[in-house]
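Peer 1: In the numbering used here, the protein residues as written are 64 to 462.
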Ligand SMILES: C[S@@+](CC[C@H](N)C(=O)[O-])C[C@H]1O[C@@H](n2cnc3c(N)ncnc32)[C@H](O)[C@@H]1O
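#1: When the Cα atoms are used, what is the spatial distance from residue 152 to residue 76?
#2: Start and end of the alpha helix (DSSP H) containing residue 384?
#3: Pull the bridge partners of residue 186 from the DSSP assignment, please.
#4: Skipping 5 residues on each side, what residues in its chain have a beta carbon closer than 8 Å to that of residue 283?
#5: What are the boundary residues of the beta strand (DSSP E) that residue 427 is part of?
#6: Would residue 91 pass as a contact of residue 110 if the rule is Cβ separation under 8 Å?
#7: Can you give me the C-alpha to C-alpha distance between residue 93 and residue 148, rounded to a whole angstrom?
#8: Please tell me whether, using a cut-off of 7 Å, the distance from the CB of residue 354 to the nearest non-hydrogen atom of ligand 1 is below it.
#9: Find out if the Cβ-Cβ distance for the pair residue 401, residue 428 is shorter than 8 Å.
#10: Check whether the Cβ atoms of residue 294 and residue 350 sit closer than 8 Å, and answer yes or no.
#11: Can you find a heavy atom of ligand 1 that lies under 7 Å from the Cβ of residue 344?
#12: Would the beta-carbon of residue 296 be found less than 7 Å away from any heavy atom of ligand 1?
#13: Would you call the stretch 446-454 in contact with the stretch 407-418, where contact means no fewer than 3 C-beta pairs closer than 8 Å?
#14: Whose C-beta lies closer than 7 Å to the C-beta of residue 348 among residues of the same chain, with five residues either side of it excluded?
#15: If contact is defined by three or more beta carbon pairs under 8 Å, each pair taking one atom from either stretch, is the stretch 158-176 in contact with the stretch 435-447?
#16: Tell me which residues share the same chain as residue 106 and place their Cβ nearer than 6 Å to its Cβ, disregarding the 5 neighbours each side in the sequence.
#17: What three-state label does DSSP hand residue 359 in the structure shown?
#18: Give the straight-line distance between the Cα atoms of residue 403 and residue 377, rounded to the nearest whole angstrom.
#19: Compute the Euclidean distance between the alpha carbons of residue 266 and residue 275, then round it to the nearest angstrom.
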């Protein structure tokens with residue numbers, strides 16, 4: 064097979080007998096041999112077995128687990144080339160959907176390795192690892208190069224926890240303190256030496272805090288955030304900071320802003336001093352408790368936060384927003400949210416998306432009254448197939 068280009072998930076695309084084929088582990092212009100892994104009426108999925116003609120971009124991976132793990136897609140090219148490929152993937156996706164706008168940039172991550180402030184591992188027979196992509200096949204690892212250095216160092220001492228089966232999430236803050244979230248039958252051993260060596264700020268075991276505190280304090284730009292173990296936070300601090308700097312340009316002193324899917328208030332608080340007021344909505348009650356706390360912690364008084372599903376809460380709020388930030392999960396905006404946004408018609412919608420496919424779907428649903436002012440991509444997740452986009456939509460029809 065000859066690979067034509069990549070799809071938006073980083074799989075090679077080729078055609079056979081008029082049918083589209085997606086090929087894993089292949090690069091544009093490569094000639095490969097592959098084995099069929101899935102077939103439907105519309106498309107087939109293949110896995111590369113042999114590279115007959117190699118792309119000039121291809122290089123060996125930094126990761127010894129690449130063949131088994133599947134978490135990284137672009138560890139077989141240089142970081143610069145991975146950015147080029149991600150940009151091409153996005154350009155194609157936008158073009159295919161007739162989403163036309165001026166040239167867009169992809170901002171590189173200041174760190175291409177060691178950028179993840181959170182990893183989630185499986186524990187089996189006293190070893191830790193990941194499940195192979197799209198399967199439940201355990202892949203034992205000893206390190207993950209995407210994780211922050213402090214997490215990588217902690218992994219060297221993992222055995223001291225004495226956990227044989229279960230799940231482990233490790234989070235690190237901007238002060239290099241760790242939070243361990245463990246689900247297991249046996250209680251983890253909490254050794255003083257381990258705690259001190261790795262600056263462990265808290266251990267949560269089966270949803271109970273068994274050491275110190277279930278929070279991390281995270282500093283980004285001029286603000287401090289208290290974040291509960293169960294609350295979401297952006298996984299690449301440096302890119303999160305760049306995104307908030309970018310979106311600040313779109314606000315004025317008289318703006319009333321809704322921050323939908325606000326988490327612990329990350330964007331609400333970053334923009335608060337630039338606008339009249341911000342109102343955040345978020346499903347996770349613990350995140351909203353943090354968001355309210357974070358407002359007082361940073362002496363910010365023009366923000367308020369509401370617990371609830373955006374699709375149920377947004378309509379009930381009697382205030383008119385001039386601008387709306389949305390940062391939904393991968394599933395994108397609920398149909399009802401699109402409907403209410405079209406009724407409320409804010410001047411701008413600043414859409415922060417971790418899934419280009421649902422971003423495109425939602426842009427198309429808003430297209431009759433919103434035009435694209437700008438799209439910028441951010442490499443929040445280097446070497447993986449994932450990419451973050453910020454899309455600024457501007458209201459385009461007079462009332
Ligand atoms: C991608 S995160 C963004 C969080 C926040 N904007 C930030 O920067 O930290 C998505 C957030 O949406 C929340 N969420 C998911 N579904 C929701 C819904 N239907 N209504 C409200 N919040 C939801 C999640 O709990 C999560 O905090």
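The beta carbon of each residue, even a glycine, is placed where N, CA and C say it ideally should be.
Keep in mind it's a predicted model, so treat the numbers as computed, not measured.
Peer 2: Well, looking at it:
#1: 11 Å
#2: Run containing residue 384: none; DSSP gives neither H nor E here.
#3: 191 and 229
#4: 237, 300, 303, 304, 307, 329 and 333
#5: No beta strand (DSSP E) contains residue 427, which is instead part of the alpha helix (DSSP H) from 419-429.
#6: no
#7: 14 Å
#8: no
#9: yes
#10: yes
#11: yes
#12: yes
#13: yes
#14: 370
#15: yes
#16: 83
#17: helix
#18: 7 Å
#19: 7 Å
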